[in-house]
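Residue numbers for the sequence shown follow our numbering, so the first one is 194 and each next one is one higher. What follows is a set of notes on a single structure, which appears directly below.
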Amino acid sequence: MPQDPTERRVVVTGVPRHTRRTSGYYRPRTEIDEQTTLGHTYVRSLMRSQLRVGLLVFAVLVLLVGPLPLVFAAMPDGAGLEWGVLGFGVYPPLVLLARWYVRRAERNEKDFVRLVEDR
194 MPQDPTERRV VVTGVPRHTR RTSGYYRPRT EIDEQTTLGH TYVRSLMRSQ LRVGLLVFAV
254 LVLLVGPLPL VFAAMPDGAG LEWGVLGFGV YPPLVLLARW YVRRAERNEK DFVRLVEDR
């Protein structure tokens with residue numbers, strides 16, 4: 194028996210969860226995944242900012258710890274004094290420098306993720 198052409202089966206679905214992006218939509222994450230020139234530029238920018246922070250920390254470390262052998266050579270013998278300078282004079286700035294480095298590196302990564310995800 195043929196069906197009546199006026200009867201149709203209708204499928205009801207919910208609201209679409211994902212909408213298709215227009216062709217002009219810009220996705221830096223795709224650029225990075227596909228290793229395009231623009232994606233390479235994004236990653237190189239992150240690497241450059243991380244290198245800049247690392248070199249800055251290294252320079253401060255060299256300026257802080259580098260002259261210590263000369264200072265110790267100029268001082269009269271006193272083993273307790275050297276350990277005191279190393280323990281109380283150098284260790285706290287090293288810890289603060291390390292904390293600053295980690296925070297700055299994480300901030301660089303957050304900025305990079307925000308740049309890639311928010312567009």
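Note that the Cβ used here is the ideal one computed from N, Cα and C, for glycine as well.
Query: Identity of the residue in S242, T223, E200, I225 nearest N301 by Cα; Result: S242
Query: Cβ contact (3+ pairs, closer than 8 Å) linking the segment 254–266 and the segment 279–294; Result: yes
Query: Unbroken stretches of the alpha helix (DSSP H), 4 residues or longer, contained in the segment 209–289; Result: 221–226, 230–258, 261–267, 272–277
Query: Nearest-angstrom Cβ-Cβ length linking A298 and V246, presumed shorter than 8 Å; Result: 6 Å
Query: Span separating the alpha-carbon of R307 from that of E275; Result: 46 Å
Query: Outcome for F305 when other beta-carbon atoms lying within 10 angstroms are tallied against a minimum of 16; Result: buried
Query: Expected contact under 8 Å - CB spacing of V309 and P221 to nearest Å; Result: 5 Å
Query: Integer-rounded CB distance, given that E227 should sit under 8 Å from Y235; Result: Not really, about 12 Å apart at Cβ, beyond 8 Å.
Query: Which of helix, strand or coil DSSP assigns to E299; Result: helix
Query: Per-residue DSSP class, three states only, for E310; Result: helix
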